[in-house]
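For the sequence shown, the positions run 1 to 104 when my numbering is used. Written out below as structure tokens is the structure these notes cover.
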Amino acid sequence: MNESAAIGLAAFAGLILGAIFFGGLWWTVRKGLVAKQPALWFLGSFLIRTSVVMFGFYFAGGGQWPRLLSCLLGFLVARFVVMWLTRPSTEMRLPEAQEARHAT
């Protein structure tokens with residue numbers, strides 16, 4: 001396989017790993033806030049998500065820094081994509097804080 005294809009696949013793997021990590025974080029926060037034992041949710045999710053991402057980076061990087069860098073770039077792009085997809089709707093946002101009126 002030529003190097004540019006390997007770098008492209010590493011970037012794609014980074015996108016997938018980022019989606020798993022940050023999508024899993026979003027899901028964990030939603031489930032953990034209403035769980036009876038939220039510490040287990042957060043700790044378990046952290047360990048699973050981190051393990052998956054570390055193994056994914058290890059295999060996608062293949063011991064070569066350009067692939068690893070490409071994978072990291074895909075991971076960071078996925079972060080912004082997940083943030084955009086999971087943003088609260090305009091109806092759910094809190095109203096802007098109003099400036100306090102002080103006695104004059």
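Quick reminder that beta carbons are idealized off the backbone N, C-alpha and C, glycines included. These numbers were taken from a predicted model, which means no experiment stands behind them.
{"Check": "For residue 1, the three-state DSSP class (helix, strand or coil)", "Outcome": "coil"}
{"Check": "Where residue 78 falls: helix, strand or coil (DSSP)", "Outcome": "helix"}
{"Check": "C-alpha distance - residue 53 paired with residue 17, whole-angstrom precision", "Outcome": "6 Å"}
{"Check": "Close beta carbons around residue 56, own chain, < 7 Å, minus the five adjacent residues each side", "Outcome": "13, 17"}
{"Check": "C-beta atoms of residue 67 and residue 20 nearer than 8 Å", "Outcome": "no"}
{"Check": "Through-space distance from residue 28 to residue 63, alpha-carbon basis", "Outcome": "31 Å"}
{"Check": "Among 42, 35, 37, nearest to residue 109 - alpha-carbon criterion", "Outcome": "There is simply no residue 109 to check, as the chain begins at 1 and stops at 104 in what is shown."}
{"Check": "Residue 38: first and last residue of the uninterrupted alpha helix (DSSP H) it sits in", "Outcome": "38-61"}
{"Check": "Secondary structure of residue 89, DSSP reduced to three states", "Outcome": "coil"}
{"Check": "Whole-Å CB distance - residue 26 paired with residue 82, under 8 Å assumed", "Outcome": "7 Å"}
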